[in-house]
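First comes the structure, then the notes that go with it.
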Amino acid sequence: MTDTETLLIALAARVQLLEDQLDLMRIISAYGPAVDSGESAAVAGMWTEDGVYDVDTGSLRGHVEIEAMVLSKPHQSYIQAGSGHLIGPPHIEIDGDTAVATCHSQLVLHEPETGTYRVARITANRWEFARVDGQWKVTVRTSRLLDGRAEAREILAAGVKN
Amino acid sequence: MTDTETLLIALAARVQLLEDQLDLMRIISAYGPAVDSGESAAVAGMWTEDGVYDVDTGSLRGHVEIEAMVLSKPHQSYIQAGSGHLIGPPHIEIDGDTAVATCHSQLVLHEPETGTYRVARITANRWEFARVDGQWKVTVRTSRLLDGRAEAREILAAGVKN
Amino acid sequence: MTDTETLLIALAARVQLLEDQLDLMRIISAYGPAVDSGESAAVAGMWTEDGVYDVDTGSLRGHVEIEAMVLSKPHQSYIQAGSGHLIGPPHIEIDGDTAVATCHSQLVLHEPETGTYRVARITANRWEFARVDGQWKVTVRTSRLLDGRAEAREILAAGVKN
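Protein chains in written order, with our numbering: chain Z, -12 to 149; chain C, -12 to 149; chain R, -12 to 149.
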């Protein structure tokens, strides 16, 4: 191989890593818009077929259960009244074909009676990804309320410790 | 063309797409700082000369009208009291020389009488961009309150549906 | 040098600039998770050894003082009750081996007595970075409350003016 070819291959690897980071950011940035508009298939499609969404109240596994959450009465009542699932900029670590993203999220709800908005909760999130057939998919998302419980702090700490 | 040249051209196209994504993120991330500091020219300059900012209360067209919004009494009273136009990570789709970014925004206001802060609104945003003379500019930004109105959900859904 | 080599070198410089932008975003995105989980060493390690965190109430200099802030009673009481230091997407300007990022931040606190959450403050932030031994480090972070004080607006304006 010539020197130029060697340099080109090294540069292509760096570009791939940048693409991976932006792909992961792009996927995560779709969650809020999808879940607040009730696009249940778009939400579920972020996960692998048997992907897990592990929340404080229990664990959802697979597209059917995740879609059911979006279509559930409580979630539909949020979005009919006006809801914003806002997400902080994810902190991403990529290791070949797996990746972890750590971020805060915030749920803001509109209260139709008063016309006001309130922060209903803030949450610590860990998104675990795998590259499946060339596409990043969520394998496990773990979310814990930032209401003082140690688990939530542990999620955040795990994402930023060396 | 040699194989190396062909690979180099393909890699340059991938780099261009990454640059486009980061350029768009960079432009959107300027909105909050510009609008909360009253930098009306910086706000208006995000748009094309005849760009449109279509909000619930009406439509602003062109730099003069967008600047006038920033310089208006209601907006100035927000920023004099303390305001934060926070934006969620934008979900970006690029198609050659046009692009669409979808994201939430949140307006937090300081209330001087009590020294407290409140979420005044959450909003669904669709930013349409065109590349003009090599620079991305907003052609239309459409923003709708997430207060239960269907239009807001439609904006979010359009950004994440396949 | 051949034309191919010249193109390759130019492309490598563009890739480096993209890497710098994503590295800076990655560092900033670690702040919230680190500070809300009490990972004081991870927080302090974002700064250079003698880096400054200049806040409304005074200035912290160096890792020891920054760690002490994280370990302080007021901060620990926030995180034990549940806190979210959320950050808006940073607006980044890179100039060789220095960079400036401008963004909003928002502190949301859980109130254990009522089980509710409130926005405790919104803040304007200017992060100044230097590349030290190949790694971006914060040299000065300046944060001012968005409560109407002019300094906060000046921070935001400085980040987006040409």
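We treat Cβ as the ideally placed atom computed from N, Cα and C, and that holds for glycine.
Presumed contact (8 Å Cβ cut-off) between Val95 of chain Z and Ala107 of chain Z, rounded CB distance: Cβ-Cβ separation between Val95 of chain Z and Ala107 of chain Z: approximately 7 Å, consistent with a contact (criterion under 8 Å).
Using the beta-carbon of each residue, which ones in chain R are nearer than 7 Å to Ala153 of chain Z? This structure leaves residue 153 of chain Z out entirely; chain Z is present only between -12 and 149.
Using C-beta distances below 7 Å, list every residue in its chain close to Leu143 of chain C, excluding the 5 sequence neighbours before and after it, in chain order. Thr89, Ala111, listed in sequence order.
Can you confirm whether Gly75 of chain C, when its beta carbon is compared against all beta carbons of chain Z, has any partner nearer than 8 Å? Output row for Gly75 of chain C: interface = yes.
Which residues mark the beginning and the end of the alpha helix (DSSP H) in which Ser16 of chain C is found? Membership of Ser16 of chain C in the alpha helix (DSSP H) is indicated by the continuous run -10 to 23.
Check Leu133 of chain Z in the structure and name its three-state DSSP category. Here Leu133 of chain Z sits in coil by DSSP.
If you measure between the beta carbons of Leu73 of chain Z and Gly146 of chain Z, is that distance less than 8 Å? For Leu73 of chain Z and Gly146 of chain Z, no; Cβs fall outside 8 Å.
Taking just the CA atoms, how far does Thr(-7) of chain R sit from Ala0 of chain Z? Those two C-alpha atoms are separated by around 19 Å.
Taking Cβ-Cβ distances below 8 Å as the criterion, which residues of the region 82 to 95 of chain C are in contact with chain Z? Listed by position along the chain: Thr89, Cys90, His91, Gln93.
Helix, strand or coil: which one does DSSP assign to Lys60 of chain R? The answer is helix: DSSP assigns Lys60 of chain R an H, G or I state.
Against Val127 of chain Z, what residues of chain R qualify as contacts under a CB-to-CB distance less than 7 Å, listed in chain order? Around Val127 of chain Z, no beta-carbon contact reaches into chain R at under 7 Å, the shortest distance being about 17 Å.
Counting only beta-carbon atoms, is His72 of chain R nearer than 8 Å to chain C? Not closer than 8 Å to any Cβ of chain C, the Cβ of His72 of chain R fails to qualify, so no.
Start and end residues, beta strand (DSSP E) containing Asp37 of chain C: Bounds of the beta strand (DSSP E) holding Asp37 of chain C are 34 to 42.
Mind the definition here: the region 4 to 18 of chain R touches the region 124 to 142 of chain Z only if three or more C-beta pairs lie below 8 Å; say whether that holds. No, the region 4 to 18 of chain R is not in contact with the region 124 to 142 of chain Z.
State yes or no: is the beta carbon of Gln67 of chain Z nearer than 8 Å to at least one beta carbon in chain C? At a cut-off of 8 Å between C-beta atoms, Gln67 of chain Z counts as an interface residue with respect to chain C.
Closer than 8 Å to chain C by CB, Ser16 of chain Z: Yes, Ser16 of chain Z lies at the interface with chain C (some Cβ there is under 8 Å from its Cβ).
Run through DSSP, which three-state label would Gly121 of chain Z get? Here Gly121 of chain Z sits in coil by DSSP.
For Leu94 of chain C, which beta-bridge partners are listed by DSSP? Answer is C:His72, C:Arg108, bridged to Leu94 of chain C.
Report all residues from its chain with a CB closer than 7 Å to the CB of Glu80 of chain Z; omit the five preceding and five following residues, and keep chain order. Residues of the same chain with a CB within less than 7 Å of the CB of Glu80 of chain Z, apart from the 5 flanking positions on each side, are Ala86, Val87 in chain order.
I believe Ile109 of chain C touches Tyr40 of chain Z by the beta-carbon criterion, under 8 Å. Please report the beta-carbon distance rounded to the nearest angstrom. With a contact defined as Cβ atoms closer than 8 Å, Ile109 of chain C and Tyr40 of chain Z miss out at about 23 Å.
Need the endpoints of the beta strand (DSSP E) that Gly83 of chain C sits in, please. According to the DSSP assignment, Gly83 of chain C belongs to no beta strand (DSSP E), since it is labelled neither H nor E.
Judging by CA-CA distance, which residue of R:Gly38, R:Glu26, R:Arg48, R:Ser46 is the nearest neighbour of His62 of chain R? The residue with the shortest Cα to Cα distance from His62 of chain R is R:Glu26.
Hey, out of Z:Ala139, Z:Ala68, Z:Ala55, Z:Ser59, whose CA is closest to Gly32 of chain Z's CA? Per the Cα distances, Z:Ala55.
Rounded separation between Phe116 of chain C and Arg140 of chain C - CA only: In this structure, the alpha-carbon of Phe116 of chain C lies about 21 Å from that of Arg140 of chain C.
Residue from C:Gly38, C:Met(-12), C:Leu9 with nearest C-alpha to Pro76 of chain C: Selection C:Gly38, C:Met(-12), C:Leu9 evaluated against Pro76 of chain C yields C:Leu9 as nearest (Cα-Cα).
CB contact below 8 Å: Gly45 of chain C versus chain R: Under the Cβ distance rule, Gly45 of chain C does not count among the residues neighbouring chain R, no pair being separated by less than 8 Å.
Would you verify that the beta carbon of Gly121 of chain R is, or is not, closer than 8 Å to some beta carbon of chain Z? No, because no Cβ of chain Z sits closer than 8 Å to the Cβ of Gly121 of chain R.
Kindly indicate the opening and closing residues of the beta strand (DSSP E) around Gly102 of chain Z. Here Gly102 of chain Z belongs to no beta strand (DSSP E), and DSSP marks it neither H nor E.
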